[in-house]
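Written out below as C-alpha cells is the structure these notes cover.
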Amino acid sequence: MATLSEARRILDRLVAFPTVSRDTNLPLVDWVEDYLKGHGVTARRVWNEERTKANLWCSVGPDVAGGVILSGHSDVVPVEGQSWTTDPWTVTEKDGRLYGRGTCDMKGFVALALAAVPLALKAGVRRPLQIALSIDEELGCVGCVPMVAEMAARAPRAAAVIVGEPSRMRAVTGHKGGLMFRTEVTGFPVHSSLMHTGVNAIMEAAKLIDWANAQNAANRAAVPSPLAAVFDPPWTTVHVGQIRGGTAHNITAEHCTFGLDFRVVPGEAAEDWARAYQAKVAEVEAGMKAVRPETGVTLTRVFDVPPLVPEAGGAAEALARAITGDNGSHVVSYGTEAGHFQKAGYSTVVCGPGDIAQAHQADEYIEVAEFEAGWRFMQAVVAGLAA
Ligand SMILES: [Zn+2]
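Here the working numbering is used: position 246 in the sequence shown is 238, and no number is missing along the way.
See the structure below:
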C-alpha cells in the first residue's frame, strides 16, 4: 500500500539528483523510469534536441479517455551564490519543514504524484492517472512543449490537468503569458567626438527600452478588460532586467544586448505585442542603417509561455475545488506549463503544495503539513478515478 512515508522516501531520492536546468536530468529520469517499471508501468521519454535531457510521461490504468494528468517539472534553479544552512541536495527535516532544493518547486509534488501510482493500481482506477514530468521549466517553460504535443496525440485524452506548482493547494485558474526576446544591437564604433559618423548601439537600444516605458505607461493608464482586471497589475508589462554593452566612455558602442520580456494579460495576444515590438525595432534599425548599412538589430525569442486563461466551468478547476474545498478566485503573475496544456486543448488548473515564496530561495523548504495536504489531494484524485 502506498503511503505518505513512501512519498517522503521518493522525495529524498529526487532531491538528491542535482537537476539544475543547465545540466542533464537523465539520472533522475532513469530512476523514475525504474520506479515505474517496478510497478509494471511503462513510461515514454521525449528528448530534448541534444538528447542530454528527457521529459517523461506515463499513463496508469485503462486506455480510456477521462483521466487526470499530474504535471511537474524535474529541473530546479541553481544554488550558486546562495547561502544555504543545509545541504541543498539532501532533504533535511526540521521544525516541521523539509529543506532542500526543489522540495517546494516542485519535486514535492512530483514525489507525491509518483507515490500515487501504486495507489492508483491498487485502487483499480477506471480512468487513467497520467504523469507528465518535464525539463527546462525554469528556462521559460520551454521543455514540456514536445511532450505535451505527444501526450495530446498518443495518450488517452485526459479530462483535466493539474499543474502542481506551489499554490498552497489553492486552485489557481489563471496566469499571464510570457514572451521574451533577446535583443542584440550592432552599431558602428567611432571616436565619441565623431559620433555622428558612427552608430551607438547603446543609444539605439535606449530607444527600444524607452518604447517599453511608453507601453507600460499607456497600459497602466488604460481601463483593464474584465479578464485582466483580476491580475496584479491588471495590465501587460514590458520589462528589461539585464543589459550589456559598450567598451569605453569615448567610443560609440558597437554592441548592446538586453533581454526584453512581456507579461501579457489573458485576452491580449502575445503575438500582437511581438509584432508591435518588431515594428519599433524595424523603425530604429532603419535609422541606424541610414548612417551605416552594416549595423542592425537581431531579435531572438527566448521563451513564449502561453497564458492560463480562466475557464468558465472548467473540469480541472471543478476537480481541484471539489478536492481542496477552495472556492476562492486565484490568479498568479508567474508563468507555468499550464498555459501549454491549455493551449493543447486540456482543461487545466494550477494546484500544488508549498508556497511560491519559498521557491528559488536559499534554504528552500516545503512545510510537512503542505506535503501531507498534497498526499490527501493525491488520494482524492485516485479515489475519483476509481469511482
Ligand atoms: Zn516550478
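Glycine is no exception: its CB is placed at the ideal position from the N, C-alpha and C atoms. Everything numeric in this text was worked out from a predicted model, so none of it was measured.
- Beta-carbon to beta-carbon, W49 and M139 are separated by about 6 Å, close enough to satisfy the 8 Å threshold.
- Inter-residue distance for L104 and A210 is about 45 Å (C-alpha atoms, whole angstroms).
- The three-state secondary structure of H332, taken from DSSP, is helix.
- I127 carries a coil assignment under DSSP once its states are collapsed to helix, strand and coil.
- Secondary structure within the region 219 to 291: the beta strand (DSSP E) runs of 3 or more consecutive residues, fully enclosed, are 229 to 237, 247 to 256 (chain order).
- Sequence-distant partners of A108 (beyond 5 residues in either direction) whose C-beta falls short of 6 Å from its own C-beta, in its chain, are M370, V374.
- Between the beta-carbon of T11 and that of D67 there is about 5 Å, and that keeps the pair under the 8 Å contact cut.
- By the Cβ neighbour-count rule, S(-3) is exposed, with fewer than 16 other Cβ atoms within 10 Å of its own.
- By the neighbour-count criterion, in which 16 or more other beta carbons inside 10 Å mark a residue as buried, V52 falls on the buried side.
- Within the model, the alpha-carbon separation for Q74 versus G116 is close to 45 Å.
- A straight-line Cα-Cα distance of about 28 Å links C136 and A268.
- Relative to N47, the option among V21, R293, A198 whose CA is nearest is V21.
- Between D296 and L171, the C-beta gap is smaller than 8 Å, which places the two residues in contact.
- Annotated as proximal: M280 and E196, with beta-carbon spacing under 8 Å.
- Here M161 really is in contact with G366; their C-beta atoms are around 7 Å apart, less than 8 Å.
- In the structure shown, the three-state DSSP call for W49 is strand.
- For Y27, the three-state secondary structure derived from DSSP is helix.
- For ligand 1, residues qualifying as neighbours are H65, D97, M98, E129, E157, where qualification means a beta carbon closer than 6 Å to at least one of its heavy atoms (chain order).
- Residue state for S(-3) is assigned as helix, using DSSP reduced to three classes.
- In the three-state scheme derived from DSSP, where H, G and I count as helix and E and B as strand, F9 is classed as coil.
- Comparing C-alpha distances from P70 to each of V191, G94, T82, T340 shows the shortest one belongs to G94.
- Secondary structure at V373: helix, using DSSP grouped into helix, strand and coil.
- In this structure, P298 sits near K335, with a CB-CB distance shorter than 8 Å.
- In this chain, the alpha helix (DSSP H) harbouring W203 covers 193 to 213.
- By DSSP's assignment, G64 forms a beta bridge with L125.
- Counting the other CB atoms within 10 Å of its CB gives R236 a total below 16, which places it among the exposed residues.
- In this structure, DSSP gives D355 a state outside helix and strand, which the three-state scheme calls coil.
- Straight-line measurement puts the Cα of A282 at about 49 Å from the Cα of T340.
- DSSP places T165 in the uninterrupted beta strand (DSSP E) bounded by 164 to 167.
- For L311, the enclosing alpha helix (DSSP H) begins and ends at 307 to 316.
- Per the coordinates, the alpha-carbon of G166 lies some 5 Å from the alpha-carbon of V323.
- Around the beta carbon of P345, 16 or more other beta carbons lie within 10 angstroms, which makes this residue buried.
- The DSSP-derived three-state label of G59 is strand.
- With the rule of 3 Cβ pairs closer than 8 Å, the region 347 to 364 counts as touching the region 78 to 91.
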